[in-house]
Amino acid sequence: MAQGDINITVIGNLTADPDLRFTPSGAGVAQFTVASTPRQLDKQSGEWKDGTPTFLDCKVWRDAAEHVAESLARGARVIVTGRLRQENWEDKQSGQKRSKLVLDVDEIGPSLRYATAKVQKMQRSGGSGGGRQESSGGGRGDTYNDPWATTAASGGQSGGGGKSSFEDDSPPF
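Its first residue numbered 120, the sequence shown is counted upward by one per residue in the numbering used here.
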């Protein structure tokens, strides 16, 4: 995090499916818009009313971009945190200078307040191949105990598995 960055967290809904594209060098970038609508209690009527929504364009890069595109869809309620920045450009038709605020996403996930999600840890590939595998085996052989798994040995139901393997916990960049 650089000095002067504006870090924010936004909770809202995706207005469309994330748009996944790739740069010429092969880096993924997903773009999407989050609509955050405040709810306010009208004290006279006692009813909740929607306020004016705020629409925020977001960009997420590399492996996280692919994960977002595979995991989230239009209407999903998400929690997004990142760095706010301004994009500037010149309109090709009118020649006028334009700008908009964009959130460069550091972390994103579904809100579990009104939904459930099944999380799958992804493995990072060790070579330059760029492919990934689910965490169902392989990797370096590192393992950890899953504290939420239920196994027959602990008196719970079987089928949860007690250990999973993972590659590493370093960020995807």
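For glycine and all other residues, C-beta sits at the position ideal for the given N, C-alpha and C.
Residue burial classification, residue i (beta-carbon count within 10 angstroms, cutoff 16)
{"i": "VAL238", "result": "exposed"}
{"i": "PRO137", "result": "buried"}
{"i": "TRP208", "result": "exposed"}
{"i": "PHE174", "result": "exposed"}
{"i": "ALA188", "result": "buried"}
{"i": "PHE151", "result": "buried"}
{"i": "GLU185", "result": "buried"}
{"i": "GLY201", "result": "buried"}
{"i": "GLN294", "result": "Lying outside 120 to 292, the shown extent of the chain, residue 294 is not represented and no answer is given."}
{"i": "LEU222", "result": "buried"}
{"i": "ILE227", "result": "buried"}
Endpoints, the alpha helix (DSSP H) within which residue i is located
{"i": "VAL187", "result": "181-190"}
Span of the beta strand (DSSP E) around residue i
{"i": "ALA234", "result": "Here ALA234 belongs to no beta strand (DSSP E), and DSSP marks it neither H nor E."}
DSSP state of residue i mapped onto helix, strand, coil
{"i": "GLN122", "result": "coil"}
{"i": "GLN205", "result": "strand"}
{"i": "THR134", "result": "coil"}
{"i": "ARG217", "result": "strand"}
{"i": "LYS178", "result": "strand"}
{"i": "ARG196", "result": "strand"}
{"i": "ASP223", "result": "strand"}
Among the options, nearest to residue i - alpha-carbon criterion
{"i": "GLU206", "options": "VAL197, LYS219 and SER213", "result": "LYS219"}
{"i": "CYS177", "options": "VAL129, SER190, GLN212 and ALA234", "result": "VAL129"}
{"i": "ALA234", "options": "ASN132, GLY201, ILE127 and ASP124", "result": "ASN132"}
{"i": "ALA183", "options": "VAL148, VAL153, LEU160 and ARG202", "result": "VAL148"}
{"i": "ARG196", "options": "GLN122, ALA236 and ARG204", "result": "ALA236"}
{"i": "LYS240", "options": "VAL179, SER190, GLY170 and THR134", "result": "SER190"}
Ordered list of beta strand (DSSP E) runs contained in the segment 138-168, each at least 3 residues = 138-141, 147-155 and 158-161
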